[in-house]
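In order, the protein sequences belong to chains G and B. So in our numbering, spot 81 of the first sequence is number 81, and the numbers just go up one at a time. Numbers in our numbering are just positions in the second sequence, counted from 1, shifted up by 87. Think of the CB as a built atom: it goes at the ideal place given N, C-alpha and C, for glycine as much as any other residue.
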Amino acid sequence: MKLLQCPINGIRPLSEFTYGGEYRDMPNPDTCSDKEWAAYVHYRNGAPGVKKEWWYHGPSGTWFIAERDTMADKVIRTYIAGQEEAK
Amino acid sequence: MPLGLLKYGLSKEHPAPRFFRDCTQPKKSYDAVIIGGGGHGLAAAYYLAKDYGITNVAVLEKGYIGGGNTGRNTTIVRSNYLTPEGVNFYDASVKMYEDLSEELDLNLFYSTRGHFTLAHTESAMRTMRWRAEVNKHVGVDSRVVGPDEISEACPQLDIQCSGQAPILGALYHAPGSVARHDAVAWGYAKEADRMGVEIFQMTEVTGIDVKSGKVVGVNTSKGYIETNRVLSAVAGFTPRITDMVDIETPIVIHPLQACVSEPMKPWLDTILVSGSLHVYVSQSSRGELVMGSSLDPYEVHSTRSSLDFVEGLTSHIVDMFPFLSNVKVVRQWAGMADLTPDFAPVMGKTPVEGFYLDAGWGTWGFKATPISGKTMAETIARDAAPDLIQPFRLSRFEDYELTGEKGAASVGH
Numbered sequence: 001m002k003l004l005q006c007p008i009n010g011i012r013p014l015s016e017f018t019y020g021g022e023y024r025d026m027p028n029p030d031t032c033s034d035k036e037w038a039a040y041v042h043y044r045n046g047a048p049g050v051k052k053e054w055w056y057h058g059p060s061g062t063w064f065i066a067e068r069d070t071m072a073d074k075v076i077r078t079y080i081a082g083q084e085e086a087k
Numbered sequence: 088m089p090l091g092l093l094k095y096g097l098s099k100e101h102p103a104p105r106f107f108r109d110c111t112q113p114k115k116s117y118d119a120v121i122i123g124g125g126g127h128g129l130a131a132a133y134y135l136a137k138d139y140g141i142t143n144v145a146v147l148e149k150g151y152i153g154g155g156n157t158g159r160n161t162t163i164v165r166s167n168y169l170t171p172e173g174v175n176f177y178d179a180s181v182k183m184y185e186d187l188s189e190e191l192d193l194n195l196f197y198s199t200r201g202h203f204t205l206a207h208t209e210s211a212m213r214t215m216r217w218r219a220e221v222n223k224h225v226g227v228d229s230r231v232v233g234p235d236e237i238s239e240a241c242p243q244l245d246i247q248c249s250g251q252a253p254i255l256g257a258l259y260h261a262p263g264s265v266a267r268h269d270a271v272a273w274g275y276a277k278e279a280d281r282m283g284v285e286i287f288q289m290t291e292v293t294g295i296d297v298k299s300g301k302v303v304g305v306n307t308s309k310g311y312i313e314t315n316r317v318l319s320a321v322a323g324f325t326p327r328i329t330d331m332v333d334i335e336t337p338i339v340i341h342p343l344q345a346c347v348s349e350p351m352k353p354w355l356d357t358i359l360v361s362g363s364l365h366v367y368v369s370q371s372s373r374g375e376l377v378m379g380s381s382l383d384p385y386e387v388h389s390t391r392s393s394l395d396f397v398e399g400l401t402s403h404i405v406d407m408f409p410f411l412s413n414v415k416v417v418r419q420w421a422g423m424a425d426l427t428p429d430f431a432p433v434m435g436k437t438p439v440e441g442f443y444l445d446a447g448w449g450t451w452g453f454k455a456t457p458i459s460g461k462t463m464a465e466t467i468a469r470d471a472a473p474d475l476i477q478p479f480r481l482s483r484f485e486d487y488e489l490t491g492e493k494g495a496a497s498v499g500h
């Protein structure tokens with residue numbers, strides 16, 4: 001992967017982007033157990049597959065979601081968080 | 088070994104010596120199964136047989152032995168870590184390495200070079216002083232040195248780094264060494280095999296059979312094997328194995344790349360590391376410069392290597408050694424590093440009885456090969472982890488008792 005599609009700015013070189021880790025749902029800190037919170041803080045899904053990830057386009061300050069196959073390193077699609085259906 | 092060579096020299100027969108038997112079909116059951124035929128897995132097999140007399144052991148390797156991160160690292164051995172727990176652990180490993188050629192009856196080309204971690208900023212100097220004091224406290228030979236002493240040890244180094252990042256000082260670690268990494272795997276394989284351990288190459292584990300929270304067997308590409316004890320020592324494949332037993336870990340996989348230059352006459356005696364320039368370099372016994380850099384910035388499960396890496400790394404190498412600008416890079420590769428959030432490994436028992444983990448070796452696994460083998464063998468034999476590796480237990484993440492080693496990673500990540 002050398003190019004990445006920013007949902008706002010189109011295809012840009014990968015060097016303009018920063019990886020933000022896998023998209024994860026945060027448990028409610030008021031109601032979850034200490035163990036669940038520790039798991040949220042530390043544990044990750046490390047196995048390969050198609051994952052939803054946070055990416056950041058530095059020059060335009062855009063955070064967005066990329067669905068990427070982490071084995072083949074191929075991006076399937078990118079979109080602004082919450083605007084998945086629009087694509 | 089030398090007498091053996093002499094014998095072949097005087098004889099017309101030259102039988103190719105085998106390091107280990109050519110095992111093809113696993114037996115129905117074993118006392119222990121080790122997944123992963125790298126340095127760590129083979130060392131664990133060796134110490135299980137040697138220290139505990141457990142020889143009915145199978146090592147399952149999906150490729151060829153030493154073909155994963157054991158054969159992909161930059162072969163540096165050191166113990167100048169940041170936490171007392173880490174320094175104690177890696178120091179035990181360095182001491183084992185010093186006698187390992189003798190013990191395995193194989194020349195590992197273990198070469199003590201002295202290791203400089205260069206500091207280009209005042210904040211880096213602060214970390215060097217911190218590490219030096221922790222090291223001295225634990226009894227490890229590390230100290231902070233100034234630019235003059237660095238220049239004396241390595242006159243070829245441009246201490247101003249082309250004016251871009253002048254070197255203010257360094258952490259000097261006298262026991263820092265390099266070794267031939269393949270030989271470490273092959274030496275352990277040879278001796279483990281001699282004591283009865285069976286090594287199966289091209290044998291992939293496809294599932295782990297757990298009943299009532301206990302390991303009862305493993306499914307492999309060569310059939311089912313009954314066993315009550317399984318050690319996973321698979322580096323970048325760890326999440327795929329832990330998924331088989333439903334264990335959560337913090338491990339994520341990023342590629343770590345390295346390359347070598349064309350061979351040159353020996354000129355670089357020491358090992359040089361620069362955190363700010365993201366470089367570590369030493370000269371191998373073949374004369375090649377072995378060079379590594381920081382991790383790739385995002386998760387990938389493959390060993391592809393990239394032009395970006397070579398461009399970035401070599402531009403910094405030329406800052407340090409301008410005269411290398413015409414030297415060619417002849418090989419580059421990547422390994423899949425299994426990273427933890429605190430840059431310390433994950434070792435010991437797990438919530439599944441009989442399933443042991445030797446993982447989270449990220450960018451720091453090769454130097455720990457002997458001690459991780461020894462301590463994991465003890466963990467398997469006694470079903471209890473020794474005190475030395477308690478700080479690396481998997482449950483530390485749930486207890487918020489991390490062992491923060493990021494400041495001792497060779498380069499800034």
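Would residue 260 of chain B and residue 391 of chain B be called neighbours here (beta carbons separated by less than 8 Å)? At a Cβ-Cβ threshold of 8 Å, residue 260 of chain B and residue 391 of chain B do not count as neighbours.
Assuming residue 196 of chain B contacts residue 237 of chain B under a Cβ cut-off of 8 Å, what Cβ separation, rounded to an integer in Å, is found between them? The pair is not a contact, with the Cβ atoms about 25 Å apart (cut-off 8 Å).
With 8 Å as the threshold, decide whether the Cβ of residue 48 of chain G is near any Cβ in chain B. Answer yes: the Cβ-Cβ gap between residue 48 of chain G and chain B drops below 8 Å somewhere.
Please list the residues of the segment 17-47 of chain G that have a C-beta atom closer than 7 Å to any C-beta atom in chain B, keeping them in chain order. With the criterion set as a beta carbon lying under 7 Å from some beta carbon of chain B, the members of the segment 17-47 of chain G are 19, 35, 38, 39, 42, 43, 44, 46 and 47, in sequence order.
Proximal chain G residues relative to residue 392 of chain B, where beta-carbon distance stays under 7 Å: Those within 7 Å of residue 392 of chain B in chain G number zero; the least Cβ separation is about 12 Å.
Assuming contact is defined by CB atoms lying nearer than 8 Å, are residue 262 of chain B and residue 199 of chain B in contact in what I supplied? Yes, Cβ-Cβ distance for residue 262 of chain B and residue 199 of chain B is below 8 Å.
With DSSP run on the structure shown, which of helix, strand or coil describes residue 478 of chain B? Secondary structure at residue 478 of chain B: helix, using DSSP grouped into helix, strand and coil.
Quick check: the Cα distance between residue 479 of chain B and residue 170 of chain B, rounded to an integer number of angstroms? Rounded to whole angstroms, residue 479 of chain B to residue 170 of chain B spans 12 Å at the Cα level.
According to DSSP, is residue 157 of chain B helix, strand or coil? It is helical.
Closest Cβ-Cβ distance between residue 369 of chain B and chain G: below 8 Å? Nearest CB-CB separation between residue 369 of chain B and chain G: not below the 8 Å threshold.
Exposed or buried, residue 13 of chain G, counting other C-beta atoms within 10 Å across all chains shown (16 or more means buried)? Residue 13 of chain G should be labelled exposed.
Start and end of the beta strand (DSSP E) containing residue 298 of chain B? Unbroken beta strand (DSSP E) run through residue 298 of chain B: 292-298.
Among B:217, B:329 and B:414, nearest to residue 438 of chain B - alpha-carbon criterion: Closest by alpha carbon: B:329.
With a threshold of 7 Å, establish whether the CB of residue 320 of chain B neighbours any heavy atom of the ligand COA. For the ligand COA, the structure offers nothing, since it holds no ligand at all.
Evaluate residue 461 of chain B with the Cβ neighbour count: other Cβ atoms within 10 Å of its Cβ, from every protein chain shown; 16 or more gives buried, anything less gives exposed. With 16 or more Cβ atoms within 10 Å of its Cβ, residue 461 of chain B is classed as buried.
To which residues of the same chain is residue 388 of chain B closer than 8 Å at the C-beta, ignoring the five residues directly before and after it? Once the five neighbours on either side are set aside, the close Cβ partners of residue 388 of chain B are 323, 340 and 423.
Reduced DSSP secondary structure (H/G/I, E/B, other) of residue 382 of chain B: Strand.
Please state the DSSP three-state secondary structure of residue 352 of chain B. In the structure shown, residue 352 of chain B adopts coil according to DSSP, grouped into three states.
Can we say the segment 131-145 of chain B touches the segment 270-281 of chain B, given the rule of at least three CB pairs closer than 8 Å? Taking a cut-off of 8 Å for Cβ pairs, the segment 131-145 of chain B and the segment 270-281 of chain B touch, as three or more such pairs fall below it.
Could you tell me if residue 55 of chain G is buried or exposed, where buried requires 16 or more neighbouring beta carbons within 10 angstroms of its beta carbon? By the beta-carbon neighbour count (other beta carbons within 10 angstroms, threshold 16), residue 55 of chain G is buried.
Bridge partners of residue 259 of chain B, per DSSP? B:203 and B:230, per the DSSP bridge assignment.
With three or more C-beta pairs closer than 8 Å as the rule, is the segment 108-127 of chain B touching the segment 147-157 of chain B? Taking a cut-off of 8 Å on C-beta distances, the segment 147-157 of chain B touches the segment 108-127 of chain B, as three or more cross pairs fall below it.
Secondary structure at residue 219 of chain B, three-state DSSP: helix, strand or coil? Collapsing the DSSP output to three states places residue 219 of chain B in a helix.
Considering residue 188 of chain B, what are the terminal residues of the beta strand (DSSP E) in which it resides? No beta strand (DSSP E) contains residue 188 of chain B, which is instead part of the alpha helix (DSSP H) from 187-191.
Are the C-beta of residue 336 of chain B and some C-beta of chain G separated by less than 8 Å? By this cut-off, residue 336 of chain B is an interface position.
What are the boundary residues of the alpha helix (DSSP H) that residue 278 of chain B is part of? Element bounds for residue 278 of chain B: 268-281.
What residues from chain G crowd round residue 268 of chain B, counting only those whose CB sits closer than 8 Å? The premise fails here: residue 268 of chain B is roughly 24 Å from chain G at the closest Cβ pair, so nothing lies under 8 Å.
Pair within 8 Å by beta-carbon distance, residue 415 of chain B and residue 335 of chain B: 8 Å or more divides the Cβ of residue 415 of chain B from the Cβ of residue 335 of chain B.
Relative to the C-alpha of residue 342 of chain B, which candidate in G:10, G:62, G:46 and G:33 has its C-alpha closest? If you compare the alpha carbons of G:10, G:62, G:46 and G:33 with that of residue 342 of chain B, the shortest gap goes to G:46.
Here's the rule: buried if 16 or more other CB atoms are within 10 angstroms of the residue's CB, otherwise exposed. What is residue 9 of chain G? Taking a 10 Å sphere around the C-beta of residue 9 of chain G, we find fewer than 16 other C-beta atoms and assign the residue as exposed.
Whole-angstrom Cβ separation of residue 35 of chain G and residue 485 of chain B, contact assumed at under 8 Å? Confirmed, about 6 Å.
Residues of the segment 56-79 of chain G whose Cβ lies closer than 9 Å to any Cβ of chain B, in chain order: Taken in chain order, the members of the segment 56-79 of chain G whose beta-carbon sits within less than 9 Å of a beta-carbon on chain B are 68, 70, 71, 72 and 73.
Spell out whether any CB of chain G is found under 8 Å from the CB atom of residue 438 of chain B. Not an interface residue.
Going by beta carbon distance, what residues of the same chain come within less than 7 Å of residue 214 of chain B, once the five residues before and after it are set aside? So the list reads 494, once near-sequence residues are dropped.
Quick one, which residues of the segment 323-352 of chain B are near chain G if we go by CB-CB under 9 Å, in chain order? Residues 325, 326, 327, 329, 330, 335, 336, 337, 338, 339 and 340.
Look up residue 407 of chain B in the DSSP assignment and say whether it is helix, strand or coil. Residue 407 of chain B carries a helical assignment under DSSP once its states are collapsed to helix, strand and coil.
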